[in-house]
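Engineer: This is the structure I want to talk about, given as structure tokens.
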Amino acid sequence: MNIPLFRGRKPLSANPTLNLTGAGIALIAVCYGLARFGYGFFTPIFRTEFSLSPTTIGFFASASYIAYCAAIIAATLLTTSLGARNLVIASGLLAAGSMAGIALAPNASALGTAVAATGFCTGLVSPPLATVIAENVAQKYQSRVQTMVNSGAGVGVVISVPIAMTVSSHWRLSWLLFAALALAATLWITRSAPRPLPRLSPDIQLADTGLRIRLLPRPAFPVGSIRLISASALLGASSTAMLTFGRDFLIVVGQQSAAITTTAWVMLGASGLVGAAAGSLSARFGLGLSWFFGCVSMSVASLVLIVWPNSSSLGLISMTLFGAAYTTSAGFLLVWCIQVYYRAQSVGVGMAFLVIALGQAIATPLFGFLMVQFGAAMPFYAAAACGLAAGLIMPRISVLPITTLMEIIPVDQNPDPQMPAQT
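For what it's worth, this note's numbering labels the leading residue of the sequence shown as 19, then goes sequentially.
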């Protein structure tokens, strides 16, 4: 017997759904596109300003990913007790604070601390935002809204570049403007996300009805979850070379101008908007095939960059292909984890994105070491191999189950949920 915890809540109508979707895109844009991915765009400036080595650059990025992992765990555990909406708002405020910290960083240590904080705000936003959408958006639109919101990272990347170019000689001002945008996005999501209805207490025993509440899925690793986790880790590892070292590689190895590399970064972000179509693409072509081509496209982009680093046109094509492939693959992964953890979406989203960050946290310092020891191209070869391996781990889900976030289960009955048909 399934009884929703969110009693009396009707799905939002069209206009409020669009408003919530726009606010979600804006929040992901500032948390991912500005706070998290902005570090990669400003790496050449940070390298010069703070005398950073490739190993240190990789270490700072790794600290951000580790903080992201910690935040994912915290968000997954606290979404129920503190409320998804409250955590979403907190993540926006933290994004603003961390980016202001980068703007005001007096030395490399302060910079590294602020960069780590940007990772924490990014991890804090994903599980509760997925929960807010699942609580308020009609079931038939949820996959599309989730993937559209996920594409907000590309919007943030696109926004970051004009701001950086406008105040090109004052990089600190750029980050202060980023912080201001984070505050604006936080205000928008605060106004557009409905306040939750009163929940049943998570620790109560409903003896008179024979019901009890379970907030975590059982089993914790349902059928298909091991493939999902493995693919998530490899996707994370395959993304780090381009996101952390891509623009710097074009400048140092390819001898490309600042104008070309900036344009390439814009194309990476703009093409990421394709990720909004991930839900529709997976429904049309199948999740497995879509996932495979997304991951392989990331590998191809990395290889194109290192084989022809001196070609401006191919550099642009490489960055464009990577942005589209990475964001779309992350969207496919979102659909995948929602299907595997269909009775606990926030847990599934949290686990998948946690493992992505773990893959990034492990790969980034390793890739920095490979760059120092074996040359600038080696991290990109390693990333391409990870992308190919991720593509070969395809989902095997044949049924899209009805979504519920949590369930109330009869005490005397088997608490294990009926799993979706998989092969």
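By construction, the Cβ of each residue, glycine as well, lies at the ideal position given by its N, Cα and C atoms.
Run through DSSP, which three-state label would I455 get?
Structural biologist: Lying before the first or after the last residue shown, residue 455 is absent from the chain, which here runs from 19 to 441.
Engineer: Between the beta-carbon of S210 and the beta-carbon of A41, is there less than 7 Å?
Structural biologist: Yes, the pair counts as a contact, with Cβ atoms nearer than the cut-off.
Engineer: Find the nearest neighbour of A276 within the set L323, A182, C404, A400, judged by alpha-carbon distance.
Structural biologist: Here the closest residue by C-alpha is A182.
Engineer: Which stretch, first to last residue, makes up the alpha helix (DSSP H) that contains V451?
Structural biologist: Nothing about residue 451 can be read from this structure; the chain reaches only from 19 to 441.
Engineer: Once you ignore the five residues that flank I335 on each side, which residues in its own chain have a CB closer than 7 Å to its CB?
Structural biologist: Within the same chain, I335 has close Cβ partners V322.
Engineer: Taking 8 Å as the threshold, find out whether the stretch 153 to 167 comes into contact with the stretch 77 to 84 through three or more Cβ pairs.
Structural biologist: Counting Cβ pairs under 8 Å, fewer than three are found: no touch.
Engineer: Which whole-angstrom value is the C-beta distance of F196 and L129, which I expect to be below 8 Å?
Structural biologist: Incorrect: roughly 15 Å between the Cβ atoms, too far for contact.
Engineer: When DSSP labels each residue in this structure, what does I90 get in the three-state scheme?
Structural biologist: Helix, per DSSP.
Engineer: In this structure, how does DSSP classify N328 when only helix, strand and coil are distinguished?
Structural biologist: Note: N328 maps to coil in three-state DSSP.
Engineer: For V241 and Q357, what's the separation of their Cα atoms in angstroms?
Structural biologist: For V241 and Q357, the distance between alpha carbons rounds to 11 Å.
Engineer: Let me know if I244 comes out buried or exposed under the rule of 16 or more other beta-carbons within 10 Å of its beta-carbon.
Structural biologist: With fewer than 16 Cβ atoms within 10 Å of its Cβ, I244 is classed as exposed.
Engineer: Between which two residues does the alpha helix (DSSP H) harbouring C139 extend?
Structural biologist: Element bounds for C139: 126 to 154.
Engineer: CA-CA distance, L229 and S99?
Structural biologist: Annotation note: pLDDT 41 at L229 (below 50); position unreliable, coordinate value reported separately. Roughly 20 Å between the two C-alpha positions.
Engineer: Rounded to whole angstroms, what is the Cα-Cα separation between S308 and I411?
Structural biologist: Looking at the two C-alpha atoms, the distance is approximately 12 Å.
Engineer: Run the CB neighbour count on A32, radius 10 Å, all protein chains shown included, and call it buried at 16 or more, exposed below.
Structural biologist: Classification for A32: exposed.
Engineer: Tell me where the alpha helix (DSSP H) around V270 begins and ends.
Structural biologist: Residues 264 to 270.
Engineer: Could you give the DSSP three-state label for Q274: helix, strand or coil?
Structural biologist: Coil, per DSSP.
Engineer: Within 10 angstroms of the Cβ of G328, are there 16 or more other Cβ atoms? Answer buried if so, exposed if not.
Structural biologist: Residue identity check: residue 328 is Asn in the sequence provided, not Gly. N328 comes out exposed.
Engineer: Along the chain, where does the alpha helix (DSSP H) containing M396 start, and where does it finish?
Structural biologist: Looking at the DSSP string, the run of the alpha helix (DSSP H) that includes M396 is 396 to 410.
Engineer: In the DSSP assignment, the alpha helix (DSSP H) including R190 goes from what residue to what residue?
Structural biologist: Taken as a continuous stretch (DSSP letters only), the alpha helix (DSSP H) holding R190 covers 189 to 210.
Engineer: Starting from P62 and walking both ways along the alpha helix (DSSP H), at which residues does that stretch end?
Structural biologist: P62 -> alpha helix (DSSP H) spans 56 to 67.
Engineer: Quick one: what does DSSP say V373 is sitting in, helix, strand or coil?
Structural biologist: Helix, per DSSP.
Engineer: Quick test of your reading: S116 and C139, contact by CB under 8 Å. State the CB separation rounded to the nearest angstrom.
Structural biologist: Confirmed, about 6 Å.
Engineer: Mark G393 as exposed unless 16 or more other C-beta atoms lie within 10 angstroms of its C-beta, in which case mark it buried.
Structural biologist: Label assigned to G393: exposed.
Engineer: From V106 to A88, what distance separates their C-alpha atoms?
Structural biologist: Roughly 16 Å separates the two Cα atoms.
Engineer: Pop quiz: V133 and G51 are said to be a contact at Cβ under 8 Å. What is the actual Cβ separation, rounded to whole angstroms?
Structural biologist: No, V133 and G51 are not in contact; Cβ-Cβ is about 15 Å, not under 8 Å.
Engineer: I'd like the span of the alpha helix (DSSP H) that includes S256, first residue to last.
Structural biologist: Per DSSP, S256 belongs to the alpha helix (DSSP H) from 243 to 258.
Engineer: Give the straight-line distance between the Cα atoms of A381 and T258, rounded to the nearest whole angstrom.
Structural biologist: Each residue's Cα considered, the two are about 7 Å apart.
Engineer: Would you grab the beta carbon distance between S289 and C313 for me? Rounded to a whole angstrom, and I think it's under 8 Å.
Structural biologist: S289 to C313, Cβ: 16 Å. No contact.
Engineer: Straight-line CA distance for L38 to L388?
Structural biologist: Cα to Cα, the separation comes out at about 43 Å.
Engineer: For G51, report the span of its alpha helix (DSSP H) as first-last.
Structural biologist: Looking at the DSSP string, G51 is not in any alpha helix (DSSP H), and its letter there is neither H nor E.
Engineer: Can you tell me whether P145 is buried or exposed? The criterion is at least 16 other CB atoms within 10 Å of its CB, across all chains shown.
Structural biologist: Buried, by the Cβ-count rule.
Engineer: Residues in the same chain with beta-carbon distance under 7 Å from V176, minus the five sequence neighbours each way, listed in chain order, please.
Structural biologist: If we look at V176 and ignore the five residues flanking it on each side, its Cβ neighbours are V284, G287, A288.
Engineer: Shortest alpha-carbon distance to T35 belongs to which of F371, N125, V167, G110?
Structural biologist: The shortest C-alpha separation from T35 is found at V167.
Engineer: Beta-carbon within less than 8 Å of A156's beta-carbon, same chain only, minus the 5 sequence neighbours each way: which residues are those?
Structural biologist: Same-chain partners within the cutoff: P29, L30, T35.
Engineer: For L30, does the three-state DSSP call read helix, strand or coil?
Structural biologist: Note: L30 maps to coil in three-state DSSP.
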